[in-house]
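FYI, in our numbering the residues of the sequence shown are 1038 to 1362.
For reference, the structure is listed below as structure tokens.
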Amino acid sequence: MLRDQFGRNLHYLRISLTDACNFRCVYCMPEHIRFKDRKDLMQNDELLFLARAFVDLGVDKIRLTGGEPMLREGLTEIISAIKGMGVNDLSMTTNGSLLADKAEELAVAGLDRVNISLDSLDPTKFRRITRWGSFADVWAGIIAAEKAGLTPIKLNVVVVRGYNDDDVVDLAGLTLEHPWDIRFIELMPVGSEGGFALDALVPSAETKAKIESAFGELEAVPGYNGEDPSRPYRIPGAPGRLGFISSVTAPFCAGCTRLRLTADGKLRLCLLHEDEVDLLTPLRQGTSYDEMKRLIAKAAWRKPWGHKLQESQFPLNREMYQIGG
Ligand code: SAM
Ligand code: SF4
């Protein structure tokens, strides 16, 4: 089991499959950008070697992310191999644009569920936020994912002042018709787009108040385990649920069980701290499997606690699309 210095059981790993993306969300990356060379990213055998080491160390929950993970060549084979390692919960965070044709194949390969990013129901606003995205493609992806059984469907909404803060009521209203979890995420300042994020942050309390002014007081759904960063709520009578991820205004470090592996093979101990440990270089230098497990366990022990976002201090050594959210 992977434990850190604060006694947290780190059993949840997010693996970024690529830094590349077919969208250019305003809060995540600049429009003109050069992604890393393929040779500098983990190759499939390297990625699976490291994933197996984490699973042997007690990781039972893995999320694939990116960049856009569906751009990764061999995604279906990666899913099938990781599921074969005995992971209980294998999920993927995706912008959903390529899901319509692939959802069934990924489900058959062993993917359990997906989180899909959907920042607006208005195609024009959706385009403005994502710069290159098409609302129709993503909606088709969501419907295909549900049909393929990649459920519960979770939709991530990053609330950005001046872009979609007026859309949160319509998005919340989706839960009246669909059994989906819609999670409103506070914009986090990370990397070169961090200044934008500080200016455009909408605190969760404001988003929740806006939704309650339209639908009345939200009900807390019983059974919250404290590990998920968002306590579930419901519009009374709705089949779907709402959540608010308040990483900036109410950090959830006590319940954090996550580690992150970047596409270039660095173990990122916390999204909001710069600490990383390079795993790919020692792997390429011939480190043995047991030595790699020792390296991972030693690094995980140092996972930090807390952040300084409210004092406008944020990590600069990586971009959000390189870490994977
Ligand atoms: N491309 C995929 C997607 O958009 O779902 C996966 C990678 S993306 C980096 C993962 C999640 O991080 C998405 O839900 C995205 O909206 C969110 N995200 C990106 N930048 C963010 C930021 N600065 N603050 C909060 N969430 C962010
Ligand atoms: Fe791409 Fe996801 Fe970043 Fe948007 S949030 S640019 S879809 S990686």
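No residue lacks a Cβ here, since even glycine has one placed at the ideal position from N, Cα and C.
By alpha-carbon distance to E1264, the top candidate from E1230, G1210 and R1295 is R1295. Shown here, I1282 sits in a strand according to DSSP, grouped into three states. Per the DSSP secondary-structure output, R1040 pairs in a beta bridge with N1046. In the three-state scheme derived from DSSP, where H, G and I count as helix and E and B as strand, M1122 is classed as coil. Relative to the ligand SF4, the beta carbon of G1228 is positioned no closer than 8 Å to any heavy atom. Counting the other Cβ atoms within 10 Å of the Cβ of D1218 gives 16 or more, which makes it buried. With a cutoff of 9 Å on beta-carbon distance, G1103 and S1154 are scored as not near each other. In the structure shown, the three-state DSSP call for L1332 is helix. Rounded to whole angstroms, the separation of the alpha carbons of A1146 and E1114 is 7 Å.
Taking a C-beta distance under 9 Å as the contact criterion, G1231 and C1290 do not qualify as a contact pair.
Annotation for E1142: T1113 place their beta carbon closer than 7 Å to its own, counting only its chain and skipping 5 residues before and after. In the DSSP assignment, F1086 falls within the unbroken alpha helix (DSSP H) covering N1081 to D1093. In the three-state scheme derived from DSSP, where H, G and I count as helix and E and B as strand, L1304 is classed as strand. Between G1178 and A1137, the CB-CB gap stays under 9 Å.
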